[in-house]
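Participant: I'd like to ask some things about the structure below.
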Amino acid sequence: MAASAWTGIHAARRLRRTHEELLDLRAALGSMGTEIAFAATPCGPLCRRAGAGRTRAVERFFTYLAEQSEKPRGWGENPAERACVAAGLALPGPARRCLERVFDRFGLNDREGELRQLQLADAELARLLEELETQMEGRCRSYQVLGLTAGAAMLVLVL
Amino acid sequence: MDKALERIPQLFPAPYGDAAERLLEEKGACTEELRFRAGVRPTWVSGGRELYLDPSLPPAEPGLLEQILRRASGNSVYAVEEQLRRGYLSLPGGHRLGLCGTVCLREGRISTLRQLQSLNLRLARARPGCADAAASFLWANPGSTLILGPPGAGKTTVLRDLVRQCADRFGERVGLVDERGELAACRDGLPQLPVGRRTDVLTGCPKAEGIELLTRAMAPAWIAVDEITSPADVEALTAASYCGVRFLATAHGAAREDLLRRPVYRLLLQAKLFENLALILPDRSIRCERIENGIAEAGGKRHDRGGLRLDGDPRGPAPAADP
Chain D
1026 MAASAWTGIH AARRLRRTHE ELLDLRAALG SMGTEIAFAA TPCGPLCRRA
1076 GAGRTRAVER FFTYLAEQSE KPRGWGENPA ERACVAAGLA LPGPARRCLE
1126 RVFDRFGLND REGELRQLQL ADAELARLLE ELETQMEGRC RSYQVLGLTA
1176 GAAMLVLVL
Chain G
75 MDKALERIPQ LFPAPYGDAA ERLLEEKGAC TEELRFRAGV RPTWVSGGRE
125 LYLDPSLPPA EPGLLEQILR RASGNSVYAV EEQLRRGYLS LPGGHRLGLC
175 GTVCLREGRI STLRQLQSLN LRLARARPGC ADAAASFLWA NPGSTLILGP
225 PGAGKTTVLR DLVRQCADRF GERVGLVDER GELAACRDGL PQLPVGRRTD
275 VLTGCPKAEG IELLTRAMAP AWIAVDEITS PADVEALTAA SYCGVRFLAT
325 AHGAAREDLL RRPVYRLLLQ AKLFENLALI LPDRSIRCER IENGIAEAGG
375 KRHDRGGLRL DGDPRGPAPA ADP
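Protein sequence lines, in the order shown, are assigned to chains D and G. When you line the first sequence up against this note's numbering, it's residues 1026 to 1184, in that order. When you line the second sequence up against this note's numbering, it's residues 75 to 397, in that order.
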């Protein structure tokens, strides 16, 4: 009973966390764009700076990318997917795919190409955030109510 | 392996990296360049001869050249865009990666290079003492000195040693404009190659602006620049010469007649900026001459690079090199 109530509340919390992380990721990608527009900062320090002072998962995501990019062979295949897993980022599929598009070839394009890619990612994340924000309150309430109702129903059944 | 070459093999993916490591371990001292061309086996250059790095290696594929560029740029090609526009990449340790491929133009200017066709890694190495002859001549005939030699003859190496000797041996204050990061190869402000204790290094700055900046800010007795190539450089040198600064510079040319052929060098001679000419000969010895009335005097003295004491030096013998 308590477990089903807790599951509902946890799902709502997780949704709020996703929202926070998406906001942070968008801000971090924005700071990367600003930095490379003015300075020739290589990938490693660029990712470290972008992740500094963000939520723990986002910071870990960028630290992982920075470490991979500083290896001689670069960050290899699907770097964003691996970084998400390593950092424990709770992102929806479209957001993960958006990050994959940014980081798959990041560092191989010229500055204008990188900036364009970051702008596209920013627009995509803004759209995802807007979608999430419109649904978030309702979904959070639903999860909590469902959890509590299921808990109460089970209590009634047991009694 | 020479410490300056330790990181070179990491630039190349296997099996090329292993072959480069073996070569540098065995013949590092005489390796001048490593060349990769699409569709051809990689080669190395020593004494002007080009040999296969390892005949059993497969020919380089275009993707390989991109991988090398990616590694050389620290996986951040956008961060080296300015250098790519000029067709080369300066690497830690003063090495230089020259690039050839398809040029992308934007508004009539080179924007970047794509579809790489070949790479040339020129290895930088300090050879302390290689400019002993030129330094002794300079001590006997103080004045701005132009080092003349064909590509790959070792002009930059001679200039670096001359700068070091000016600063350490003669106790002069030298300003060094290291536009491509090859002369001093500064990293975190520390020169990786010996340029002397009294040398102020300006890295990454175009020569013309660098000469002006150094004259204004550092009050050098000498300014050293590598490869004078444009009228703007000559203008900056002329302006600085009015402040009593002397110069150490290099120029492309196989003989002193080449100075008269190329318009930029003709400008140099007309401005009478240089009093001494150090000509690097095909056997890598240096012939030093005085330049009178803009033209080098014939019959200059020829010296081996191994060191020289000139007789009849009006200022006495040159100071000994630092231990």
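Positions of the beta carbon are idealized from the N, C-alpha and C atoms, including for glycine.
For the segment 1061–1069 of chain D against the segment 1036–1053 of chain D, are there 3 or more C-beta pairs whose distance is under 8 angstroms?
Facilitator: These segments do not touch.
Participant: How many angstroms separate the CA atom of leucine 341 of chain G from the CA atom of glutamate 349 of chain G?
Facilitator: Your numbering for residue 341 of chain G matches position 267 in the second sequence. Your numbering for residue 349 of chain G matches position 275 in the second sequence. Straight-line Cα distance between these residues: approximately 14 angstroms.
Participant: Leaving out five residues before and five after serine 39 of chain G in sequence, what residues of the same chain have Cβ atoms less than 7 angstroms from its Cβ?
Facilitator: Since the first and last residues shown for chain G are 75 and 397, residue 39 of chain G lies out of range.
Participant: How many Å lie between leucine 1090 of chain D and tryptophan 1100 of chain D at the Cα?
Facilitator: The sequence position of residue 1090 of chain D within the first sequence is 65, counting from 1. The sequence position of residue 1100 of chain D within the first sequence is 75, counting from 1. Taking the straight line joining both Cα atoms gives about 7 angstroms.
Participant: Closer than 8 angstroms, CB to CB, is proline 1104 of chain D near chain G or not?
Facilitator: If you number the first sequence from 1, residue 1104 of chain D lands on position 79. Cβ-Cβ to chain G under 8 angstroms: no for proline 1104 of chain D.
Participant: Taking the C-alpha atoms as reference points, what is the distance between arginine 144 of chain G and aspartate 332 of chain G?
Facilitator: Taking the first residue of the second sequence as position 1, residue 144 of chain G is located at position 70. Taking the first residue of the second sequence as position 1, residue 332 of chain G is located at position 258. Across the structure, arginine 144 of chain G and aspartate 332 of chain G are spaced so that their CA atoms are roughly 38 angstroms apart.
Participant: Given a cut-off of 8 angstroms on the beta-carbon distance, is the pair leucine 197 of chain G and threonine 105 of chain G in contact?
Facilitator: If you number the second sequence from 1, residue 197 of chain G lands on position 123. If you number the second sequence from 1, residue 105 of chain G lands on position 31. A contact, by the Cβ cut-off of 8 angstroms.
Participant: Would you report the Cα separation of leucine 1140 of chain D and leucine 1180 of chain D, rounded to the nearest angstrom?
Facilitator: Mapped onto the first sequence, residue 1140 of chain D falls at position 115. Mapped onto the first sequence, residue 1180 of chain D falls at position 155. Near 56 angstroms, if we compare the C-alpha coordinates of leucine 1180 of chain D and leucine 1140 of chain D.
Participant: Just to make sure I have the definition right: I need the residues of chain D whose C-beta is within less than 9 angstroms of the C-beta of proline 153 of chain G. Which are they?
Facilitator: Against the second sequence, residue 153 of chain G aligns to sequence position 79. The residue asked about is misnamed: residue 153 of chain G is alanine in this sequence, not proline. Chain D residues near alanine 153 of chain G: Ile1061, Ala1064, Ala1065, Thr1066, Pro1067, Cys1068, Leu1071, Gly1132 and Arg1136.
Participant: Report all residues from its chain with a CB closer than 6 angstroms to the CB of glycine 1113 of chain D; omit the five preceding and five following residues, and keep chain order.
Facilitator: In the first sequence, the residue the question calls residue 1113 of chain D occupies position 88. Contacts found: Ala1082.
Participant: For the beta strand (DSSP E) that glutamine 189 of chain G lies in, which residues bound it at each end?
Facilitator: Within the second sequence, residue 189 of chain G is the residue found at index 115, counting from 1. First-last of the beta strand (DSSP E) with glutamine 189 of chain G: 183–196.
Participant: Mind listing the chain D neighbours of serine 185 of chain G? Cutoff is C-beta to C-beta under 9 angstroms, in chain order.
Facilitator: As a first step, residue 185 of chain G is located in the second sequence; it is residue number 111 there, counting from the start. Neighbours of serine 185 of chain G on chain D, chain order: Asp1135 and Glu1137.
Participant: Residues of the segment 1080–1111 of chain D in Cβ contact with chain G at a cutoff of 8 angstroms, in chain order, please.
Facilitator: Ser1094, Glu1095, Pro1097, Arg1098, Gly1099 and Trp1100
Participant: Can you tell me which of the three DSSP states glutamate 366 of chain G falls into?
Facilitator: For the purposes of this step, residue 366 of chain G is taken as residue 292 along the second sequence, with counting starting at 1. Of the three classes helix, strand and coil, the one that applies to glutamate 366 of chain G here is strand, per DSSP.
Participant: Just checking: is the beta-carbon of aspartate 378 of chain G within a distance shorter than 8 angstroms of some beta-carbon in chain D?
Facilitator: In the second sequence, counting from the first residue as 1, residue 378 of chain G sits at position 304. Bear in mind that a pLDDT of 44 at aspartate 378 of chain G, under 50, signals an unreliable position, so the number given afterwards is only what the model happens to contain. Aspartate 378 of chain G does not count as touching chain D.
Participant: For glycine 318 of chain G, does the count of other Cβ atoms within 10 angstroms reach 16, so buried, or fall short, so exposed?
Facilitator: The residue given as residue 318 of chain G occupies position 244 in the second sequence. The residue in question, glycine 318 of chain G, is exposed, as its Cβ has fewer than 16 Cβ neighbours within 10 Å.
Participant: Give the interface partners of glutamine 84 of chain G over in chain D, defined as CB-CB distance under 8 angstroms, in chain order.
Facilitator: Position 10 of the second sequence, counted from the start, is the residue given in the question as residue 84 of chain G. Result: Pro1097.
Participant: What's the gap between the Cα of isoleucine 1061 of chain D and the Cα of lysine 1096 of chain D?
Facilitator: Locating residue 1061 of chain D in the first sequence gives position 36, counting from the first residue. Locating residue 1096 of chain D in the first sequence gives position 71, counting from the first residue. If you take the alpha carbons of isoleucine 1061 of chain D and lysine 1096 of chain D, they lie about 20 angstroms apart.
Participant: What's the gap between the Cα of glycine 137 of chain G and the Cα of leucine 1171 of chain D?
Facilitator: Within the second sequence, the letter at position 63 stands for residue 137 of chain G. Within the first sequence, the letter at position 146 stands for residue 1171 of chain D. About 55 angstroms.
Participant: Of the residues G:Ala207, G:Asn215, G:Trp296 and G:Ala200, which one's Cα is nearest the Cα of arginine 246 of chain G?
Facilitator: Translated into positions along the second sequence, residue 246 of chain G becomes position 172. Just to set this straight, residue 246 of chain G is glutamate in the shown sequence, not arginine. Among G:Ala207, G:Asn215, G:Trp296 and G:Ala200, the Cα nearest to that of glutamate 246 of chain G belongs to G:Trp296.
Participant: Between tryptophan 1031 of chain D and the rest of its own chain, which residues show a CB-CB distance below 8 angstroms, the 5 nearest in sequence each way excluded?
Facilitator: For the purposes of this step, residue 1031 of chain D is taken as residue 6 along the first sequence, with counting starting at 1. The residues are Gly1172.
Participant: Kindly indicate which residue of G:Pro268, G:Pro356, G:Pro225 and G:Ile82 has the alpha-carbon position closest to the one of arginine 243 of chain G.
Facilitator: If you number the second sequence from 1, residue 243 of chain G lands on position 169. When each option's Cα is compared against that of arginine 243 of chain G, the closest is G:Pro268.
Participant: Per DSSP, what kind of secondary structure is arginine 389 of chain G in: helix, strand or coil?
Facilitator: If you number the second sequence from 1, residue 389 of chain G lands on position 315. Only weak support exists for where arginine 389 of chain G lies, its pLDDT of 49 falling under 50; the value from the coordinates is given anyway. In this structure, arginine 389 of chain G counts as coil in the three-state DSSP scheme.
Participant: Under 6 angstroms Cβ to Cβ from valine 154 of chain G, same chain only, skipping five residues before and after it: list those, please.
Facilitator: Here residue 154 of chain G refers to the residue found at position 80 when the second sequence is read from its first residue. Result list for valine 154 of chain G: Ser147 and Leu163, in chain order.
Participant: Is the beta carbon of valine 237 of chain G less than 8 angstroms from the beta carbon of valine 248 of chain G?
Facilitator: Position 163 of the second sequence, counted from the start, is the residue given in the question as residue 237 of chain G. Position 174 of the second sequence, counted from the start, is the residue given in the question as residue 248 of chain G. Yes. Within cutoff.
Participant: Identify every residue that forms a DSSP beta bridge with cysteine 279 of chain G.
Facilitator: For the purposes of this step, residue 279 of chain G is taken as the residue at position 205 of the second sequence. Per DSSP, none; premise fails for cysteine 279 of chain G.
Participant: Taking CB distances under 8 angstroms as the criterion, tell me whether arginine 96 of chain G reaches chain D.
Facilitator: Indexing the second sequence from 1 puts residue 96 of chain G at position 22. Cβ-Cβ to chain D under 8 angstroms: no for arginine 96 of chain G.
Participant: Check each candidate in G:Leu257, G:Gln157 and G:Leu193 and name the one with the smallest Cα separation from glycine 113 of chain G.
Facilitator: Indexing the second sequence from 1 puts residue 113 of chain G at position 39. For the residues G:Leu257, G:Gln157 and G:Leu193, the minimum Cα distance to glycine 113 of chain G belongs to G:Leu193.
Participant: Find the nearest neighbour of arginine 1039 of chain D within the set D:Glu1084, D:Met1161 and D:Glu1102, judged by alpha-carbon distance.
Facilitator: In the first sequence, counting from the first residue as 1, residue 1039 of chain D sits at position 14. The shortest C-alpha separation from arginine 1039 of chain D is found at D:Met1161.
Participant: Can you check whether the C-beta of asparagine 149 of chain G is within less than 8 angstroms of a C-beta belonging to chain D?
Facilitator: For the purposes of this step, residue 149 of chain G is identified with residue 75 of the second sequence, where counting begins at 1. Yes, because at least one Cβ of chain D sits closer than 8 angstroms to the Cβ of asparagine 149 of chain G.
Participant: With 8 angstroms set as the bound, which would you pick, yes or no: does the beta-carbon of arginine 145 of chain G sit closer than that to a beta-carbon of chain D?
Facilitator: Taking the second sequence and counting its residues from 1, one reaches residue 145 of chain G at position 71. By this cut-off, arginine 145 of chain G is an interface position.
Participant: For glutamate 1149 of chain D, which residues in the same chain have their Cβ closer than 7 angstroms to its Cβ, ignoring the five residues on either side in sequence?
Facilitator: Looking up residue 1149 of chain D in the first sequence gives position 124. If we look at glutamate 1149 of chain D and ignore the five residues flanking it on each side, its Cβ neighbours are Cys1123.
Participant: Given this structure, state the Cα-to-Cα distance separating arginine 1042 of chain D from aspartate 252 of chain G, to the nearest angstrom.
Facilitator: Within the first sequence, the letter at position 17 stands for residue 1042 of chain D. Within the second sequence, the letter at position 178 stands for residue 252 of chain G. Near 50 angstroms, if we compare the C-alpha coordinates of aspartate 252 of chain G and arginine 1042 of chain D.
Participant: Note down, in chain order, each residue of its chain lying with its Cβ closer than 8 angstroms to the Cβ of glutamine 1144 of chain D, except the 5 sequence neighbours on either side.
Facilitator: Looking up residue 1144 of chain D in the first sequence gives position 119. Around glutamine 1144 of chain D: Gly1058.
Participant: Residues of chain D with CB under 8 angstroms from proline 87 of chain G, in chain order?
Facilitator: In the second sequence, residue 87 of chain G corresponds to position 13, counting from 1. In chain order: Arg1098.
Participant: Could you check the C-alpha separation between threonine 1174 of chain D and cysteine 1165 of chain D for me, to the nearest Å?
Facilitator: Taking the first residue of the first sequence as position 1, residue 1174 of chain D is located at position 149. Taking the first residue of the first sequence as position 1, residue 1165 of chain D is located at position 140. If I take the Cα positions, the gap works out to 14 angstroms.
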